[in-house]
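Engineer: Following this message is one structure expressed as structure tokens.
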Amino acid sequence: MMRNKSTAYFLIFGLSGFSGLIYESIWTHYLKLFLGHAAYAQSLVLAIFMGGMAIGSWICSRYSTRWHNLMLWYATTEAVIGVCALFFHLIFTAVISLAYTSIIPFLGSPTAISLFKWVLSALLILPQSILLGMTFPLMSAAILRMFPEKPGRSLGMLYFSNSIGAAAGVLATGFYLIKAFGLPWTVAAGGIINIILAATVWFMLRGSAGAAPDRPASTATPAEAASRLSALFLLVSLVTGTASFIYEIGWIRMLSLVMGTSTHAFELMLCAFILGLALGGCWLQRRIDTLAAPCRFLGWVQVIMGGLALLTLCLYGNSFEVMAWGVKALPKTDAGYLLFNLFSSGIALCVMLPATFCAGMTLPLITFILLGSGGGERSIGAVYAANTIGAIIGVFFAIHIGLPMLGLKGLITFGAGLDIAMGVMLFWQFAASGEKGVAMAVTMASAGALVAVPFLLHLDPYKMSSGVYRYGTMLNRNNTQLVFYEDGKTASISLVKDQDGSLAINTNGKTDASIFMGSGNFSTSDEATAVLLGALPMAFNTEARTVAAIGLGSGLTSETLLCNPDLRSVDTIEIEEKMIRGASLFKPLVGRVYSDPRSRIIVDDAKTYFSTWGKKYDIIVSEPSNPWVSGVSGLFSTEFYALAKRHLEKNGIFVQWVQMYEIDTNLVMSVLKAVSGNFNDYVVYAANDFDLVILASDRKLDSPSPRIFVPPPLKKALARIHVLDPQDLSVRKVGNKRFFEKVLATYEIPANSDYRPVIDQNAAKTRFLRRSAQELVTAGTAPLPTFEMLGGGSLPRTQTSVIPSEHSRNSQAAYGAMILRDFFASGQLKDPYDIVSPEVKQAAQEVYQLFKVGEKMPDHARTVGALLTVGASVAPYLTARELDDIWSRLEASPHSADLPVAVRQTLGVLKAVGRRDPAAMSQTARLLLADSRNLAPGALQFLVQCAMLGEVAQGNAAGAAAVWAKYGAEPLQKKDGDLLTRLLLAETRNSK
């Protein structure tokens, strides 16, 4: 019976650990929304949480011996924690809103604002953290009073059960709870668990008065000696806590270069760390009570732990090849992603488990030793408090001193040195007679290992800069040169130069930006993104004088902004100082960023900077890292857009970069929903085939001004990416709020929010699956001028003249239309850049031969298909006059009168599209659809979309719905996932 009861308490404490990790994870999310994601903010959140835990443990160490029925105190503590969790979200949002609106604006000094935010953050979670810190000492002391027979086993089991519950809590929170319920309901779920636990304990305690307070056992140890012993082992507890968190910070950074920096990867690493602690406690609990010399055993544990930590540096070097194999071998499916996470978890366990297994034995051992030396149950809280204080020291040291000054190898070596030093000290302190030789041997071997490993072991920076977790490939020394590598507070930064002359800057192995540094008229796709991020908002706001740019990258966006002599200031906000050092190697192409007096680089988190300084800007450009990177999705959230809007001047413009690679359309629509919910208008450009540029404002965003082509430095920057005039900008425009507004409603995904972080929870998966949202680039222009006809308008011009860019399919498509235009005028198909596809070339030549020579095709369906292929290739890009010239020439040819009715009707459809005549588009397309039996699927889809677009453009949603129901619903049912079809259907569904 007693055994069953103790087992029940162990299970309860396991669930308590589960909920405790929910709180740690969720509170970190919440407070980072307020404090930001800078390194000091991360360490401050941990310090508040763990400082509270230390205070709670200390309180128990001082007063628990006076309390009867500690299990009742434990249950009450759990209940209070649970109640606080139920109301946490409401309290947090109300308090933060009050702070932003009624307190922070009146504080004035940034220092005062920062101090206020830190104090308020502490007040929000410190009380609950103190209570959480009390749970372990209370439960441990209560169990020891109730079951005093084997104190060591009880301590080991409690440590194991709490840690294994915490490991489960990490996985459940990161992979399921936040995704399913968002932050508010996840923290509430933790509260419900605590309340249930409290109720269960109260039920188990019915009629029990509780065990009497502990009285320290009398020992032969004199009081002064006992005090020295206690101080010694509390020091060991503090130092090993410092070392353990040095390992954790170091290993997480190391494994981030192997597994990636997504939230899911971080949770797998944290789970592996905690699981090692749990297994160490589990192994020890069966042996601890039979140890003959626990002090010397602890010495061995400390030395072995330090040695195993050093060995992780050896294992780490081989983990890149293992990850490369896994990324290439695993299928890019949902099941493959599950296997990828299991595979990544295995790598993390191989690196972390041996040393953390030893770490899991230290606290039970230290507590057991002090209990046995007469310390009493107060030693439980004291040991836990000392260890937690050590953990706080370890976090601050690792982030702010260790990583920047020592690097990864030096940081892990330093942590190992701390553990080994404690172990050697214990060997000498408690060596039995005749064992001094063993102590000396351990000392010499340990010193040798600490000296030899840093000198003999080399962490390969090429591997660490490869981003192997993305494509399963590593940098090749034969065709790349690593020109910079440094470990910073928040990331490891590297610069890699390819043999073609391009230089890329990487964050934790992931390329953030690249510039072609060689000679010749070449540029990278990233340059197009950076230049347009700077140029486009200046084209829409010619009166802009102040700009804030979030994220330095290569520095090219800020450089482009500084090319405008009308700007008075450009503030670039960069979270990682090493990025600033690395980007300086892109000079002279980004020289203004570092030398122009208008340029200022601020090392800070964007949210922290805006909320602290309160400065307003005419333009804010947000160019963060990819949204699958942990913490970055907060810069794509509706709350961040509301914050940015508060820091825009009247008629100011907010600019957001969004990737289209390693993401799906669903997630991009989540970003657009967040933007749409905060700004009255927005326009979207495709900087290249992989990146979108969203410009948002509360005023109407009409056509961009051509004035950006006037300043010589800005004109030169635009010419480098093949943007020479407004036409080159126009072909890159893919939509606006009117165009996307109704189709957004057809996506069930909510707007990305700090409290419902759908991007953070899903982007890592889309990265692994190698999804793409590139359909957004052409949805408005191919195969029909949909965007133009649904309110996007067109750039007034007499003739189409576009420069093709290898990085922009829309510019290539427009240039291809120019080639076809000239072909039908001259009869000569000249394609110097080989842009027009063979299929389109063949179709154009067949159409030309049909009309000019009379050379007929085998059947009418092929003729119609060839005509529509040509029409789809020219109609969205040429002017109405240019298109009318093409179709009129064909129609006027001597052989056109002999052509079948279906071919002449097809020509009529293309003439209607060219003239942007919606009524004629619908009417002529319906004529062909009336006899659709011989139409190829592609032709059928074009005609259905053409008829629907004609009806929608006339405002006749019912007519468009009727076209789909009659001609498209059944034969094209699998095509309704096509973005253009979905957009046209949205126009019918939302207009009824």
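Just so you know, we're using our numbering here: the sequence shown kicks off at 19 and counts up by one. The beta-carbon is built from N, C-alpha and C at its ideal position, and this holds for glycine as well.
#1: Would you mind stating whether I411 and F291 have Cβ atoms separated by less than 9 Å?
#2: Using the rule of at least 16 other Cβ atoms within 10 Å of the residue's Cβ for burial, across every protein chain shown, is P6 buried or exposed?
#3: Which of the three DSSP states is assigned to F375 in this structure?
#4: Q677 bridges to which residues according to DSSP?
#5: Cα separation between R756 and K625?
#6: What's the call for F124, buried or exposed, on a 16-neighbour Cβ count within 10 Å?
#7: On the criterion of 16 or more Cβ atoms from any shown chain inside 10 Å, does S120 qualify as buried, or is it exposed?
#8: Count Cβ pairs between the segment 468-476 and the segment 496-513 that sit closer than 8 Å; are there 3 or more?
#9: Residue ranges of each alpha helix (DSSP H) run of no fewer than 4 residues wholly in the segment 383-441, ordered along the chain?
#10: Would you check if the segment 252-263 and the segment 431-451 touch, i.e. whether three or more CB-CB distances between them fall below 8 Å?
#11: May I have a chain-ordered list of the beta strand (DSSP E) segments no shorter than 3 residues that lie completely inside the segment 728-808?
#12: Give me whichever residues DSSP pairs with F534 in a beta bridge.
#13: At the level of alpha carbons, what is the spacing between R84 and E395?
#14: Which class does S236 belong to by DSSP, given the choice of helix, strand or coil?
#15: What is the rounded straight-line gap between the Cα of H825 and the Cα of E545?
#16: For L997, which residues of its own chain have a beta-carbon under 6 Å away from its beta-carbon, when the five flanking residues on both sides are left out?
#17: Closer than 8 Å is the cut-off here; do at least three beta carbon pairs connect the segment 142-157 with the segment 64-82?
#18: Are the segment 858-871 and the segment 927-945 touching by the rule of at least three beta carbon pairs closer than 8 Å?
#19: On a CA-only basis, which of G425, G298, D516 is nearest P372? Give me that one, please.
#20: When you compare only the Cα positions, how much space is there between K1050 and A403?
#21: Check each candidate in Y48, S715, A553, A978 and name the one with the smallest Cα separation from I739.
#22: What is the residue span of the alpha helix (DSSP H) that R907 lies within?
#23: With DSSP as the reference, please indicate the residues paired to D589 in a beta bridge.
#24: Taking the alpha-carbon of Q867 as reference, which of R907, P850, I853 has the nearest alpha-carbon?
#25: Inspect the beta-carbon positions of P775 and H47 and report whether they are closer than 9 Å.
#26: Would you mind stating whether I30 and T204 have Cβ atoms separated by less than 9 Å?
#27: My guess is that P555 and V639 are in contact by the Cβ rule of under 8 Å, so how many angstroms apart are they, rounded?
#28: Would L946 pass as a contact of L967 if the rule is Cβ separation under 9 Å?
#29: Hey, how far is the Cα of P422 from the Cα of V621?
#30: Relative to the C-alpha of G670, which candidate in K634, G324, Y627 has its C-alpha closest?
#31: Using 8 Å for Cβ pairs, my map puts L424 next to F414. What's the rounded Cβ distance?
#32: Please give me, in chain order, every unbroken run of the beta strand (DSSP E) with length at least 3 that falls completely inside the segment 464-515.
#33: Is the closest heavy atom of the ligand MN to the C-beta of F28 under 8 Å?
#34: Just reading off the beta strand (DSSP E) that S640 is part of, what are its end residues?
#35: What are the start and end residues of the alpha helix (DSSP H) that includes A987?
#36: Label L901 either buried or exposed according to how many other C-beta atoms from any shown protein chain fall within 10 Å of its C-beta, with 16 as the threshold for buried.
Structural biologist: On the basis of the supplied data:
#1: Going by C-beta atoms, I411 is not nearer than 9 Å to F291.
#2: In this structure the chain extends from 19 to 1010, so residue 6 is not present and cannot be described.
#3: helix
#4: D709
#5: Cα to Cα, the separation comes out at about 29 Å.
#6: Burial state of F124 is exposed, judged by a 10 Å Cβ sphere holding fewer than 16 other Cβ atoms.
#7: exposed
#8: no
#9: 396-415
#10: yes
#11: 751-754
#12: S520
#13: Each residue's alpha carbon lies about 11 Å from the other.
#14: Its pLDDT being 49, under 50, S236 is placed unreliably in this model, and the value from its coordinates should be taken loosely. Three-state DSSP puts S236 in coil, outside helix and strand.
#15: 10 Å
#16: E793, A797
#17: yes
#18: no
#19: G298
#20: Here the chain covers residues 19 to 1010 and nothing more, so residue 1050 does not appear.
#21: Taking only the C-alpha atoms, the option nearest I739 is A553.
#22: 898-909
#23: A566, R618
#24: Of the listed residues, the one whose Cα sits closest to Q867 is R907.
#25: Yes, the Cβ-Cβ distance between P775 and H47 is below 9 Å.
#26: no
#27: Confirmed, Cβ separation roughly 7 Å.
#28: no
#29: Taking the straight line from one Cα to the other gives about 15 Å.
#30: K634
#31: With 8 Å as the limit, L424 and F414 do not qualify as a contact, their Cβ atoms being about 14 Å apart.
#32: For the segment 464-515, whole beta strand (DSSP E) runs of length 3 or above, ordered along the chain, are 498-505.
#33: Ligands in the displayed structure: none, and consequently the ligand MN is not present.
#34: 635-640
#35: No alpha helix (DSSP H) holds A987; DSSP gives it neither H nor E.
#36: buried
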